[in-house]
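Scroll down for the structure; my scribbles are underneath it.
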Amino acid sequence: MRRSQILTLVGLGTLAGGIAAAVAVLLPWLPSPASREAGRIDFVFWFVTVICIVIFSIVAGALLYSVVKFRAAPDDDSDGPPTHGHTGLEIWWTLIPTLLVTAIGVVSAIVLAKDDRVGKNYLHVNVTAQQFAWSFTYPSGKNMTTGVLRVPVDKSLLLTFTSKDVIHSFWVPEWGQKQDTVPGIHPTLHITPDKVGRYPIICTELCGLGHATMRTWAIVMTQAAFDKWLKGQSAATSSPNTTVSGKAVFTNNGCGACHTLSAAGATAKVGPDLDKLPQWATQAKQPLEAFVQSSITDPNAYVQPGFPKNVMPLTFKSLPKAQLDALVQYLIQSSKKG
Ligand code: CUA
Numbered sequence: 008m009r010r011s012q013i014l015t016l017v018g019l020g021t022l023a024g025g026i027a028a029a030v031a032v033l034l035p036w037l038p039s040p041a042s043r044e045a046g047r048i049d050f051v052f053w054f055v056t057v058i059c060i061v062i063f064s065i066v067a068g069a070l071l072y073s074v075v076k077f078r079a080a081p082d083d084d085s086d087g088p089p090t091h092g093h094t095g096l097e098i099w100w101t102l103i104p105t106l107l108v109t110a111i112g113v114v115s116a117i118v119l120a121k122d123d124r125v126g127k128n129y130l131h132v133n134v135t136a137q138q139f140a141w142s143f144t145y146p147s148g149k150n151m152t153t154g155v156l157r158v159p160v161d162k163s164l165l166l167t168f169t170s171k172d173v174i175h176s177f178w179v180p181e182w183g184q185k186q187d188t189v190p191g192i193h194p195t196l197h198i199t200p201d202k203v204g205r206y207p208i209i210c211t212e213l214c215g216l217g218h219a220t221m222r223t224w225a226i227v228m229t230q231a232a233f234d235k236w237l238k239g240q241s242a243a244t245s246s247p248n249t250t251v252s253g254k255a256v257f258t259n260n261g262c263g264a265c266h267t268l269s270a271a272g273a274t275a276k277v278g279p280d281l282d283k284l285p286q287w288a289t290q291a292k293q294p295l296e297a298f299v300q301s302s303i304t305d306p307n308a309y310v311q312p313g314f315p316k317n318v319m320p321l322t323f324k325s326l327p328k329a330q331l332d333a334l335v336q337y338l339i340q341s342s343k344k345g
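Just so you know, we're using our numbering here: the sequence shown kicks off at 8 and counts up by one.
This is how it looks when you write it as structure tokens:
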């Protein structure tokens with residue numbers, strides 16, 4: 008009976024341990040890192056986690072063994088033997104945790120120092136947060152501003168944050184770091200993206216009604232593609248004579264994150280369906296072009312029935328005129344087709 012009880016306990020313990028280990032290891036809890044910093048942070052995470060798993064298994068095993076092995080018989084009312092500690096054991100269980108915690112501290116300090124070290128040759132981007140949109144300004148691109156962050160791969164990226172209203176928080180899960188944007192101060196964040204791709208930028212601080220919609224993309228490109236893009240964009244921004252693609256303005260500013268527009272392959276439903284702009288303009292009793300323009304530059308002046316106020320960002324009134332005009336014409340043309 009006793010033997011079978013022990014076997015049952017050991018069996019249950021092994022099963023529970025196996026399930027817990029499988030859940031920990033097999034499920035993709037963390038996105039795969041796409042920056043050098045995230046790779047190092049993941050290393051520290053697993054370094055600490057493995058230490059914790061080993062220590063927990065030893066403690067839980069010893070506990071389980073003691074519960075079974077040293078349990079009192081039902082009719083045993085006598086006192087246990089007087090025990091006055093065990094010097095050898097106490098030295099070990101002080102020494103081992105001290106070494107482990109010191110190792111965790113040293114590894115973390117090295118990773119923190121490495122992650123903060125900005126390379127000599129870095130790209131500087133100013134990030135502006137406001138209810139409920141992100142915008143990115145490139146000092147090296149004649150202060151050109153976009154709504155989607157484009158950066159070259161394998162190059163130090165230094166982000167400087169400004170908030171125009173409340174506290175937001177910048178987060179690209181694959182880059183492994185978060186940074187709060189606090190009104191009145193300008194915190195920085197250093198990242199070295201090391202995989203070409205498209206990653207979500209998420210506001211991770213509850214900042215108001217449209218918090219959940221405060222999302223855009225970080226696009227990591229090859230250096231050559233980035234240089235070409237930056238040159239083209241800053242030329243289009245500074246020269247009013249260059250033809251600006253309305254579709255590019257739509258995409259760069261992340262309009263598709265909230266709106267449906269068939270011509271741009273956008274299917275989001277946070278804001279009004281832009282395929283039906285002529286219908287909405289009639290409903291608002293406004294001429295189409297004026298309606299589209301004011302909906303972008305002064306979104307709270309008229310809000311589509313059924314949608315809340317103060318969700319559409321107020322930042323788009325600062326779009327350069329050429330970009331705004333191109334966007335308005337593009338929306339009118341696309342919606343008439345749709
Ligand atoms: Cu900005 Cu949440």
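Note that the Cβ used here is the ideal one computed from N, Cα and C, for glycine as well.
Check                                                                                                             : Outcome
Simplified DSSP state of N6, which is helix, strand or coil                                                       : Nothing can be reported for residue 6: it is not among the residues displayed for the chain, which extend from 8 to 345.
Beta-bridge pairing of Y129 - partner residues as DSSP gives them                                                 : S163
Buried versus exposed, by CB contacts within 10 Å (16 or more), V335                                              : buried
Start-to-end residues for the beta strand (DSSP E) that takes in L196                                             : 195 to 198
Span of the beta strand (DSSP E) around K185                                                                      : 184 to 188
Contacting residues, own chain, Cβ-Cβ under 6 Å from P180 (five flanking each side not counted)                   : P38
Supposed contact pair A136 and T188 - C-beta distance, whole angstroms, cut 8 Å                                   : 4 Å
Rounded straight-line distance, which links the Cα of L33 to that of G68                                          : 23 Å
C-beta contact flag for D201 and R43 at 8 Å                                                                       : yes
Residue(s) in a DSSP beta bridge with V134                                                                        : F143, F168
Close beta carbons around C265, own chain, < 6 Å, minus the five adjacent residues each side                      : T220, A275, V277, G278
Nonlocal neighbours in the same chain, by C-beta distance under 6 Å from Q300, ignoring five residues either side : V335
Short Cβ contact (8 Å threshold) for L166 with V132                                                               : yes
Where I226 falls: helix, strand or coil (DSSP)                                                                    : strand
A264 CB to nearest heavy atom of ligand 1 below 7 Å                                                               : no
Bridge partner(s) assigned by DSSP for M151                                                                       : Y145
Proximity winner among S252, T15, I198, P81, relative to G46 (alpha-carbon distances)                             : I198
Proximal residues to K171 (C-beta, below 6 Å), its chain only, five neighbours per side dropped                   : Q137
Any non-hydrogen atom of ligand 1 closer than 7 Å to A232 Cβ                                                      : no
Helix, strand or coil at A219 [DSSP, three-state]                                                                 : helix
Validate contact between the segment 150 to 157 and the segment 110 to 118 using beta carbons, cut 8 Å, 3 pairs   : no
8 Å CB neighbourhood of L284 in its chain, flanking five on each side removed                                     : L295, F298, V299, L338, I339, S342
For L156, the three-state DSSP class (helix, strand or coil)                                                      : strand
Sequence ranges, alpha helix (DSSP H) only - wholly within the segment 258 to 323, length at least 4              : 284 to 290, 295 to 304
Cβ separation of Y129 and K162, assumed to be a contact under 8 Å, to the nearest whole Å                         : 7 Å
Whole-angstrom distance between L70 and K23, CA atom to CA atom                                                   : In the sequence under discussion, the amino acid at residue 23 is Ala, which differs from the Lys named in the question. If I take the Cα positions, the gap works out to 15 Å.
Euclidean distance between Cα positions of F314 and C262                                                          : 16 Å
Span of the alpha helix (DSSP H) around V74                                                                       : 43 to 76
N- and C-terminal bounds of the beta strand (DSSP E) containing W36                                               : No beta strand (DSSP E) contains W36, which DSSP labels as neither H nor E.
According to DSSP, residues forming a beta bridge with I208                                                       : T223
Neighbourhood of V108 by C-beta, 6 Å cutoff - its chain only, sequence neighbours within 5 removed                : none
Distance CB(G217)-CB(I48) smaller than 8 Å                                                                        : no
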